[in-house]
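Have a look at the structure below before the remarks.
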Amino acid sequence: MPRTSQHLSVLLLSSNEEATGQLRETLAREVELAAAWTGEELFHLLETAQYDAFLCDWESLGGRCREVCREVKQLYPGLPIIVVSRCGGEQEWVEVLEAGCFDLIAAPYSVRQVLSVVEYAVASREDRVLLQSVA
Numbered sequence: 058m059p060r061t062s063q064h065l066s067v068l069l070l071s072s073n074e075e076a077t078g079q080l081r082e083t084l085a086r087e088v089e090l091a092a093a094w095t096g097e098e099l100f101h102l103l104e105t106a107q108y109d110a111f112l113c114d115w116e117s118l119g120g121r122c123r124e125v126c127r128e129v130k131q132l133y134p135g136l137p138i139i140v141v142s143r144c145g146g147e148q149e150w151v152e153v154l155e156a157g158c159f160d161l162i163a164a165p166y167s168v169r170q171v172l173s174v175v176e177y178a179v180a181s182r183e184d185r186v187l188l189q190s191v192a
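Following this line, the structure appears as structure tokens:
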């Protein structure tokens, strides 16, 4: 049975408090939330704890987010990566998918929408693991 948001552990990368402050505050009430401000902090947190999903502010890290997402995907292939972006055009969506991410959520987005995508990504991962175990 898929876990509800109250039982999920989510890691959020954002170097822009203004852009993701409200999302960060609201998510912290709904899930176990760890937050990273830098790529170095992100990888330290990934090494020291397990997370159900990784949320990434696409505009973080001065344009290096694409590379960071690729590296996270390579090191933690089972970890769903969901990108939140203030500008979510077709080009950004393609870049997000090419980086190995699960989905892109473009502004304006609600916390409920973000939680739904996180829950769906985690359930999809759990389904894949289950299928692999019986194959």
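Each residue of the sequence shown is one higher than the last, beginning at 58 in the numbering used here.
Even for Gly, the Cβ is constructed at its ideal location relative to N, Cα and C.
- Item | Ala178 in three-state terms, based on DSSP | Within the sequence shown, the letter at position 121 stands for residue 178. Looking at Ala178 - three-state DSSP - the assignment turns out to be helix.
- Message: Just verifying my parser: in three-state terms, what is the DSSP assignment at Glu89?
- Response: As a working note, residue 89 is residue 32 in the sequence shown. DSSP places Glu89 in strand when its eight states are reduced to three.
- Phe159 versus Glu104 - alpha carbon distance: What you label residue 159 is simply residue 102 of the sequence shown in a count that begins at 1. What you label residue 104 is simply residue 47 of the sequence shown in a count that begins at 1. Distance between the alpha carbons of Phe159 and Glu104 is about 21 angstroms.
- Message: Does Pro59 come out as helix, strand or coil in the three-state DSSP assignment?
- Response: As a position in the sequence shown, residue 59 is number 2, starting the count at 1. Note that Pro59 scores 47 on pLDDT, short of 50, meaning its location in the model is unreliable and no value can be drawn from it.
- Message: Using a Cβ-Cβ cutoff of less than 7 angstroms, which residues in the same chain neighbour Glu149 once the five nearest sequence positions on both sides are dropped?
- Response: Stepping through the sequence shown from its first residue, residue 149 is reached at position 92. For Glu149, where only same-chain residues beyond five positions count, the Cβ hits under 7 angstroms are Trp115, Ser142 and Leu161.
- Query: Ser71 by DSSP, collapsed to three states: which one?
  - Reply: As a first step, residue 71 is located in the sequence shown; it is residue number 14 there, counting from the start. Coil.
- Nearest-angstrom Cα separation, counted from Leu65 out to Val88: Position 31 of the sequence shown, counted from the start, is the residue given in the question as residue 88. Position 8 of the sequence shown, counted from the start, is the residue given in the question as residue 65. Taking the straight line from one Cα to the other gives about 5 angstroms.
- How many Å lie between Cys113 and Gly96 at the Cα? Here residue 113 refers to the residue found at position 56 when the sequence shown is read from its first residue. Here residue 96 refers to the residue found at position 39 when the sequence shown is read from its first residue. The straight-line gap from Cα to Cα measures roughly 11 angstroms.
- Query: Do Phe100 and Leu68 come within 8 angstroms of each other at the CB atom, strictly closer than that value?
  - Reply: Residue numbering aside, residue 68 sits at position 11 when the sequence shown is read from its first letter. Residue numbering aside, residue 100 sits at position 43 when the sequence shown is read from its first letter. Contact flag unset, no.
- Message: Distance check for Gly135 and Val129, CA to CA, integer angstroms please.
- Response: As a first step, residue 129 must be located in the sequence shown, where it is residue number 72. As a first step, residue 135 must be located in the sequence shown, where it is residue number 78. If you take the alpha carbons of Val129 and Gly135, they lie about 10 angstroms apart.
- Could you spell out the range, first to last residue, of the alpha helix (DSSP H) harbouring Leu102? Translated into the one-based positions of the sequence shown, residue 102 becomes position 45. Counting along the chain, the alpha helix (DSSP H) containing Leu102 begins and ends at Gly96 to Thr105.
- Task: Measure the beta-carbon distance from Glu152 to Arg123 and round it to whole angstroms, keeping in mind my assumption that it falls under 8 angstroms.
- Result: Your numbering for residue 152 matches position 95 in the sequence shown. Your numbering for residue 123 matches position 66 in the sequence shown. That pair is a contact at about 6 angstroms.
- Task: Check each candidate in Leu90, Glu176 and Gly119 and name the one with the smallest Cα separation from Ser72.
- Result: Taking the sequence shown and counting its residues from 1, the one referred to as residue 72 is at position 15. Closest by alpha carbon: Gly119.
- Nearest-angstrom Cα distance between Thr92 and Leu70? In the sequence shown, residue 92 corresponds to position 35, counting from 1. In the sequence shown, residue 70 corresponds to position 13, counting from 1. According to the sequence provided, residue 92 is Ala. The question's Thr does not apply to it. Ala92 and Leu70 have their C-alpha atoms some 6 angstroms from each other.
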